[in-house]
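A.B. asks: Handing you a structure now.
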Amino acid sequence: MTAQFLDRDRPVTLLRDHMAGYGYQLLETPVVGDASLFLTRAGDRMISRLFTFVRGGRELALRPEFTSQAARHYVHGNFSGVKRWQFVGQVFEESRQGTSRACQRFSYGAELFGLNGPAADAEIMALALTSLQELDVSNWRLVVGHVGLMRQMLAQFSLDERTERFLINNLRNLRQHGRDHVLELFEVQLAGASEKSSFAPLPAAETVDETALAQLLRTSLHGTAMGGRDHRDIARRMLRKRQRMSERDQVVRALDLLHRLCQLSLPSDQAFTALNEITPEEARPILHSWQESLALLGSYGLSLEKIFIQPDLARDRDYYSGMVFEIHGADGQHLGGGGRYDELLVFMGAPDPVPAVGFACWLEGLEAARSAMPAVDSCSILLDGENSFAATRLARLLRSEGLPAELGNVLQADSLVTDADGRIRWRDRMFSLDEPTALLEALRGA
Amino acid sequence: MPERITLALPSRGVLAEPTLDFLRDCGLAVHKPNPRQYTGSVRTLPGVDVLFQRVKDVVAKVEAGTVELGIAGYDLVRELESDDLLTINDQLGYGHCQLQLAVPTTWVDVQGMADLVDVAQDFRQYHHRNLRIATNFNHLARQFLHAHGLHHYSLVRAEGAIEAAPTLGYADCVIDLSQTGTTLRENHLRPLRGGTLLKSQATLIGNRGRLQALGQGPRKLLRTLLELTDAALQGRERYLLSANLAGEDPGRLARKIMDNPVTRGLEGPTLAPTWNDAGQRGYAVTLVISADQLLPAVEYLRSIGGRQASARPLRHVFLEESPSWLRLQRLLDDSPQS
Numbered sequence: 001m002t003a004q005f006l007d008r009d010r011p012v013t014l015l016r017d018h019m020a021g022y023g024y025q026l027l028e029t030p031v032v033g034d035a036s037l038f039l040t041r042a043g044d045r046m047i048s049r050l051f052t053f054v055r056g057g058r059e060l061a062l063r064p065e066f067t068s069q070a071a072r073h074y075v076h077g078n079f080s081g082v083k084r085w086q087f088v089g090q091v092f093e094e095s096r097q098g099t100s101r102a103c104q105r106f107s108y109g110a111e112l113f114g115l116n117g118p119a120a121d122a123e124i125m126a127l128a129l130t131s132l133q134e135l136d137v138s139n140w141r142l143v144v145g146h147v148g149l150m151r152q153m154l155a156q157f158s159l160d161e162r163t164e165r166f167l168i169n170n171l172r173n174l175r176q177h178g179r180d181h182v183l184e185l186f187e188v189q190l191a192g193a194s195e196k197s198s199f200a201p202l203p204a205a206e207t208v209d210e211t212a213l214a215q216l217l218r219t220s221l222h223g224t225a226m227g228g229r230d231h232r233d234i235a236r237r238m239l240r241k242r243q244r245m246s247e248r249d250q251v252v253r254a255l256d257l258l259h260r261l262c263q264l265s266l267p268s269d270q271a272f273t274a275l276n277e278i279t280p281e282e283a284r285p286i287l288h289s290w291q292e293s294l295a296l297l298g299s300y301g302l303s304l305e306k307i308f309i310q311p312d313l314a315r316d317r318d319y320y321s322g323m324v325f326e327i328h329g330a331d332g333q334h335l336g337g338g339g340r341y342d343e344l345l346v347f348m349g350a351p352d353p354v355p356a357v358g359f360a361c362w363l364e365g366l367e368a369a370r371s372a373m374p375a376v377d378s379c380s381i382l383l384d385g386e387n388s389f390a391a392t393r394l395a396r397l398l399r400s401e402g403l404p405a406e407l408g409n410v411l412q413a414d415s416l417v418t419d420a421d422g423r424i425r426w427r428d429r430m431f432s433l434d435e436p437t438a439l440l441e442a443l444r445g446a
Numbered sequence: 447m448p449e450r451i452t453l454a455l456p457s458r459g460v461l462a463e464p465t466l467d468f469l470r471d472c473g474l475a476v477h478k479p480n481p482r483q484y485t486g487s488v489r490t491l492p493g494v495d496v497l498f499q500r501v502k503d504v505v506a507k508v509e510a511g512t513v514e515l516g517i518a519g520y521d522l523v524r525e526l527e528s529d530d531l532l533t534i535n536d537q538l539g540y541g542h543c544q545l546q547l548a549v550p551t552t553w554v555d556v557q558g559m560a561d562l563v564d565v566a567q568d569f570r571q572y573h574h575r576n577l578r579i580a581t582n583f584n585h586l587a588r589q590f591l592h593a594h595g596l597h598h599y600s601l602v603r604a605e606g607a608i609e610a611a612p613t614l615g616y617a618d619c620v621i622d623l624s625q626t627g628t629t630l631r632e633n634h635l636r637p638l639r640g641g642t643l644l645k646s647q648a649t650l651i652g653n654r655g656r657l658q659a660l661g662q663g664p665r666k667l668l669r670t671l672l673e674l675t676d677a678a679l680q681g682r683e684r685y686l687l688s689a690n691l692a693g694e695d696p697g698r699l700a701r702k703i704m705d706n707p708v709t710r711g712l713e714g715p716t717l718a719p720t721w722n723d724a725g726q727r728g729y730a731v732t733l734v735i736s737a738d739q740l741l742p743a744v745e746y747l748r749s750i751g752g753r754q755a756s757a758r759p760l761r762h763v764f765l766e767e768s769p770s771w772l773r774l775q776r777l778l779d780d781s782p783q784s
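Those protein sequence lines, which keep their order, are chains A and B. Quick note: the first sequence, position 160, residue 160 per the numbering used here, numbers continuous. Numbers given in the numbering used here equal positions in the second sequence, counted from 1, plus 446.
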């Protein structure tokens with residue numbers, strides 16, 4: 001990225017005031033932080049794009065977003081109850097083209113802690129969308145998914161937690177490459193199907209328990225290097241792998257369900273009709289709450305026709321646990337997004353999940369839609385090598401009268417030309433530095 | 447504009463002796479007047495100074511532009527990864543090893559990288575800490591682990607015996623160089639399938655800016671140096687095979703020899719007429735044969751009337767152009783002068 005002339009003060013002020021109007025307090029977070037914080041629950045794609053470096057044995061990173069910092073601040077600052085925080089600043093992420101060039105973007109966003117339910121979800125989505133209107137971006141499209149609903153629908157298959165997360169993280173693969181591809185990945189990555197274990201004496205009986213297997217391993221394994229794992233760790237994992245292999249049928253059924261969900265990328269009213277049909281009884285409350293949060297957007301004066309459901313919407317962060325959304329511009333460009341992430345705060349040290357929902361947008365994407373900032377319009381005063389005292393006094397006078405002034409050495413059509421005695425020529429009229437009133441009137445009139 | 451070229455070489459460690467042997471085989475024997483000094487010269491190439499450094503410093507000095515050229519392991523070159531560091535020839539044919547991820551042999555449930563990713567999650571879930579990996583190759587390790595979806599780990603730095611870390615208990619597994627795997631086995635470690643980060647051997651490196659700035663004289667020196675190393679490497683894999691063949695018609699013999707890819711040689715055979723005691727006409731054929739095809743070539747020559755054959759190793763084979771020189775030109779052209 002190269003240097004550029006941008007006036008961000010105006011849009012930033014607009015955005016801050018706008019979010020403050022919803023009760024959001026501005027929180028400054030450090031640009032450099034512990035890498036582990038940003039890695040806590042970030043998805044694969046995001047992790048590979050993080051800018052990291054090591055200083056004094058600490059692995060640090062440039063912040064790629066605000067959410068992790070906000071969540072940690074809430075937990076470590078011992079906050080409780082409802083908190084509304086807004087953020088404005090640069091975030092950093094390696095560009096998608098795989099070059100090592102720094103990619104920095106100007107981001108703003110907000111996080112709402114301690115408030116659950118459709119009203120909170122709607123507030124964050126509305127805050128994001130109305131912030132676009134503040135910046136005169138009216139041509140948007142809201143795409144919404146729901147990780148929580150998907151998890152609840154998967155609950156009927158009683159899969160192990162890691163399998164479930166694997167399936168949700170592979171939704172894009174499922175849509176692009178189909179069920180068999182993801183099933184194959186599952187077998188290789190989680191169930192270890194292709195392996196031929198060098199360890200033979202795993203008893204066939206389904207009843208073998210962890211303790212017995214650990215005992216067996218203890219007596220049959222040779223070698224002193226264990227790393228940080230003991231025989232019980234190894235036994236537990238062997239049993240779990242086998243367990244996962246036996247879950248294969250369930251995984252197939254789960255994939256079928258997810259595949260059907262993927263097909264439901266529709267305008268919201270049609271999508272909910274279809275979703276109602278395939279949602280099991282126990283997941284209905286989530287569906288209804290989701291539907292309500294979207295309906296509430298109408299009360300914010302937002303057009304419901306611009307809302308689309310994409311149940312498998314997978315965002316780049318791994319921490320989302322409920323509703324997720326993305327905002328797209330007229331040409332489909334990604335303007336921002338967000339979602340609910342109640343569980344992230346547990347990873348930051350909270351004893352229980354804390355309701356949390358937030359969004360972030362990028363100013364660059366929005367600026368593209370708006371006209372370029374005009375250059376500052378100022379009076380140009382010609383320096384001719386002999387008039388520097390008079391020219392400087394003239395500039396000071398104009399500035400004190402609220403007229404921007406700059407000194408230059410190139411004669412322009414509109415230049416103010418002064419001599420050492422304080423005579424001033426402007427647009428073929430003569431003025432005097434000692435009697436500036438006429439000059440000021442003329443300049444203001446222009 | 448530098449008038450001489452400095453070549454940095456490893457002063458000790460596994461690459462030190464083989465590097466001197468290699469240069470001697472290239473006809474570039476290094477003369478070191480005093481074993482305790484850190485400098486030397488190449489008598490066949492006046493104008494080339496030799497500087498002995500620890501192998502890590504060889505890479506660092508070339509990268510920093512203190513010297514023009516150096517020889518070091520490819521592993522270190524990749525670990526440093528810098529735009530100023532040019533890889534001129536990464537196959538000098540000795541110092542072979544691989545950078546390998548290895549786990550304790552007791553981890554019978556861990557067969558491939560996917561297993562390790564799962565185990566890393568276990569560490570967080572059950573031990574509330576990251577998987578610890580002992581390595582001196584942080585940069586390559588990070589790249590490799592992230593590419594395999596392993597994001598939560600801690601790298602443990604260990605000078606010296608990295609392989610001992612899992613036994614001593616300060617790491618769970620290792621990423622380290624391995625030549626034969628013996629050290630790994632002795633420390634009860636096993637290479638993980640799919641866990642090879644890279645294969646390495648001795649590599650000739652150069653500094654981009656310094657090489658771009660070379661004047662006519664040193665440039666010629668550099669070219670000679672690359673011609674000789676390339677020719678020695680080409681020669682190493684080839685034999686000069688001579689055999690006597692019975693037959694009257696040299697054209698037919700040549701065609702028979704050319705028919706077989708094994709005996710085609712670099713440019714086809716050289717035939718010289720011979721006469722035996724009985725006055726029978728025959729031909730002596732001379733061929734350049736790649737080392738692994740020597741016996742098949744002899745067999746084939748026998749089948750078309752060959753009698754005695756002799757072979758000797760070649761010290762230098764000069765191709766039309768030095769591949770390393772061409773490659774270097776390309777690397778230097780590709781970049782703006784900095």
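Don't be surprised by glycine CBs; every beta carbon is placed ideally from N, CA and C.
Quick one: Cα of residue 170 (chain A) to Cα of residue 147 (chain A), how far?
C.D. replies: 13 Å
A.B. asks: Counting only beta-carbon separations shorter than 9 Å, does residue 226 (chain A) have a partner in chain B?
C.D. replies: yes
A.B. asks: Report the neighbours of residue 306 (chain A) on chain B: residues whose CB is nearer than 7 Å to its CB, in chain order.
C.D. replies: By Cβ distance, chain B contributes nothing, its closest Cβ being about 36 Å from residue 306 (chain A), past 7 Å.
A.B. asks: Please say whether residue 407 (chain A) and residue 390 (chain A) have beta carbons closer to each other than 9 Å?
C.D. replies: Not in contact: residue 390 (chain A) and residue 407 (chain A) (Cβ atoms no closer than 9 Å).
A.B. asks: Is it right to say residue 609 (chain B) is buried, meaning 16 or more other beta carbons lie within 10 angstroms of its own, or is it exposed?
C.D. replies: buried
A.B. asks: Check for me: the beta strand (DSSP E) holding residue 109 (chain A) runs from which residue to which?
C.D. replies: 104 to 113
A.B. asks: Let's see if you can read the secondary structure: which residues bound the beta strand (DSSP E) around residue 451 (chain B)?
C.D. replies: Note, residue 451 (chain B): beta strand (DSSP E), 451 to 456.
A.B. asks: Using the beta-carbon of each residue, which ones in chain A are nearer than 8 Å to residue 565 (chain B)?
C.D. replies: 229, 237
A.B. asks: If you draw a straight line from the C-alpha of residue 142 (chain A) to the C-alpha of residue 214 (chain A), how long is it?
C.D. replies: 52 Å
A.B. asks: Can you list, in chain order, the residues of its chain whose CB lies under 7 Å from that of residue 533 (chain B), leaving out five sequence neighbours each side?
C.D. replies: 523, 649, 651
A.B. asks: Going by other Cβ atoms of all chains shown within 10 Å of its Cβ, with 16 needed for buried, is residue 664 (chain B) buried or exposed?
C.D. replies: In this structure residue 664 (chain B) is buried. Its beta-carbon is surrounded by 16 or more other beta-carbon atoms within 10 angstroms.
A.B. asks: Give the straight-line distance between the Cα atoms of residue 292 (chain A) and residue 319 (chain A), rounded to the nearest whole angstrom.
C.D. replies: 23 Å
A.B. asks: Within 10 Å of its beta-carbon, does residue 348 (chain A) have 16 or more other beta-carbons around it, so buried, or fewer, so exposed?
C.D. replies: buried
A.B. asks: CB residue 91 (chain A) to CB residue 360 (chain A), shorter than 9 Å?
C.D. replies: yes
A.B. asks: On the DSSP bridge assignment, give the partners of residue 84 (chain A) in chain order.
C.D. replies: A:112
A.B. asks: Consult DSSP for residue 194 (chain A) and reduce its assignment to one of helix, strand or coil.
C.D. replies: For residue 194 (chain A), the predicted model reports a pLDDT of 46, less than 50, meaning its position is unreliable; a value from the coordinates is still stated below. In the structure shown, residue 194 (chain A) sits in coil (DSSP, three-state: anything other than H, G, I, E or B).
A.B. asks: What residues in the region 610 to 634 of chain B have a beta carbon less than 8 Å from any beta carbon of chain A?
C.D. replies: Residues of the region 610 to 634 of chain B with a Cβ closer than 8 Å to any Cβ of chain A, in chain order: 612, 613, 615, 617, 618, 619, 633, 634.
A.B. asks: Using a beta-carbon distance below 9 Å, is residue 54 (chain A) in contact with chain B?
C.D. replies: yes
A.B. asks: At 4 residues or longer, and completely inside the region 260 to 323 of chain A: list those alpha helix (DSSP H) runs for me, N to C.
C.D. replies: Fully enclosed alpha helix (DSSP H) runs of no fewer than 4 residues occupy 268 to 278, 284 to 299 of the region 260 to 323 of chain A, in order along the chain.
A.B. asks: Please tell me whether residue 355 (chain A) and residue 150 (chain A) are closer than 9 Å, where the distance is taken between their beta carbons.
C.D. replies: No.
A.B. asks: Would you give the residue range spanned by the alpha helix (DSSP H) that residue 179 (chain A) belongs to?
C.D. replies: 179 to 186
A.B. asks: Could you list which residues in chain B have their beta carbon closer than 9 Å to that of residue 241 (chain A), in chain order?
C.D. replies: 555, 561, 564, listed in chain order.
A.B. asks: Among all the DSSP beta bridges, which residues are the ones paired with residue 662 (chain B)?
C.D. replies: Per DSSP, none; premise fails for residue 662 (chain B).
A.B. asks: Return the CA-CA distance between residue 768 (chain B) and residue 779 (chain B), expressed in angstroms with no decimal places.
C.D. replies: 17 Å
A.B. asks: How about residue 278 (chain A) and residue 294 (chain A): are their beta carbons less than 9 Å apart?
C.D. replies: no
A.B. asks: Just the C-alpha distance for residue 10 (chain A) and residue 36 (chain A), rounded to the nearest angstrom, thanks.
C.D. replies: Going from the Cα of residue 10 (chain A) to the Cα of residue 36 (chain A) covers about 35 Å.
A.B. asks: Determine the contact status of residue 746 (chain B) and residue 690 (chain B), defining contact as a CB-CB distance below 9 Å.
C.D. replies: Annotated as distal: residue 746 (chain B) and residue 690 (chain B), with beta-carbon spacing of 9 Å or more.
A.B. asks: Return the bridge partner residues of residue 477 (chain B) from the DSSP annotation.
C.D. replies: B:487
A.B. asks: So, does the CB of residue 410 (chain A) fall closer than 9 Å to a CB anywhere in chain B?
C.D. replies: Not closer than 9 Å to any Cβ of chain B, the Cβ of residue 410 (chain A) fails to qualify, so no.
A.B. asks: Using C-beta distances below 6 Å, list every residue in its chain close to residue 716 (chain B), excluding the 5 sequence neighbours before and after it, in chain order.
C.D. replies: Apart from sequence neighbours up to five positions away, the residues of its chain that approach residue 716 (chain B) with a beta-carbon distance below 6 Å are 732, ordered along the chain.
A.B. asks: Between the region 664 to 673 of chain B and the region 725 to 743 of chain B, can you find at least three pairs of beta-carbon atoms closer than 8 Å?
C.D. replies: Touching, no.
A.B. asks: Hey, out of B:478, B:461, B:698, whose CA is closest to residue 497 (chain B)'s CA?
C.D. replies: For the residues B:478, B:461, B:698, the minimum Cα distance to residue 497 (chain B) belongs to B:478.
A.B. asks: According to DSSP, simplified to helix, strand and coil, what is residue 251 (chain A)?
C.D. replies: helix
A.B. asks: If you draw a straight line from the alpha carbon of residue 288 (chain A) to that of residue 23 (chain A), how long is it in whole angstroms?
C.D. replies: 27 Å
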